[in-house]
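Residues -22 to -1, 1 to 116 in mature numbering (1 follows the signal peptide of the UniProt record, and there is no 0) are what the sequence shown lists, from first letter to last. Here a beta-carbon is modelled for each residue, glycine too, at the ideal position from N, C-alpha and C.
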Amino acid sequence: MKKLAAVGLAVTALAALGFSLADKVQKGTQSPAYQGSIPVQEGQNEAQEANAYLSLAKVSQQEAVAIAQKALGTQAAPTKVQLGVENGYLVWEVVLAGQEVKVDAGTGQVLHQEAYGQEEDKGAHEEHEGAGGMEEGE
């Protein structure tokens, strides 16, 4: 009987952990936490989101690249530029010179920068739906 109770407790704990992680993904909470100026609710299909994101952004893709280059003190060409939602806010993700820079799509403020891939290395990276971006090789 004790063994059955222990198994039941373990299953309950795993289910609670799963709901907690699912809630975190639904809310789009990421580490590190930062706030932007354009709050966004996800939930439309990818094409609708792409159009909505582009219409909400006040900072263009080219401006976001220039801001990231200035922040890093380089004129290196970007290898990735993507408009998406992080922490519930619309941001440009610009990757250049081995660095990832998050630029607020409303104000152009640099919200965060780190070595590219650092989020994945920490296991904290979540996939986002993006729009208006380019990847290396495009």
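Asked: Using 9 Å as the threshold, is the C-beta distance between N65 and A30 below it?; Found: no
Asked: Is there at least one non-hydrogen atom of the ligand FMN closer than 8 Å to the beta-carbon of E27?; Found: Because no ligand of any kind appears in the structure shown, any question about the ligand FMN cannot be addressed here.
Asked: Assign A83 to one of two classes, buried (16 or more other C-beta atoms within 10 Å of its C-beta) or exposed (fewer than that).; Found: buried
Asked: Ignore the nearest five residues each way along the sequence and tell me which others in E78's own chain have a CB closer than 7 Å to its CB.; Found: E71, Q91, E92 and Y94
Asked: Tell me whether Q60 is buried or exposed, calling it buried when 16 or more other Cβ atoms sit within 10 Å of its Cβ.; Found: buried
Asked: Quick one: what's got a C-beta closer than 7 Å to A35's C-beta in the same chain, skipping five residues either side?; Found: L61, L68 and A83
Asked: Return the CA-CA distance between V63 and V18, expressed in angstroms with no decimal places.; Found: 7 Å
Asked: CA-CA distance, N23 and L32?; Found: 14 Å
Asked: What number of angstroms, rounded off, separates the C-alpha of K58 from the C-alpha of L74?; Found: 7 Å
Asked: Could you check what DSSP says for E20 in three-state terms: helix, strand or coil?; Found: coil
Asked: In the structure shown, what three-state DSSP assignment does K36 receive?; Found: coil
Asked: Can you tell me where the beta strand (DSSP E) with Y94 in it begins and where it stops?; Found: Here Y94 belongs to no beta strand (DSSP E), and DSSP marks it neither H nor E.
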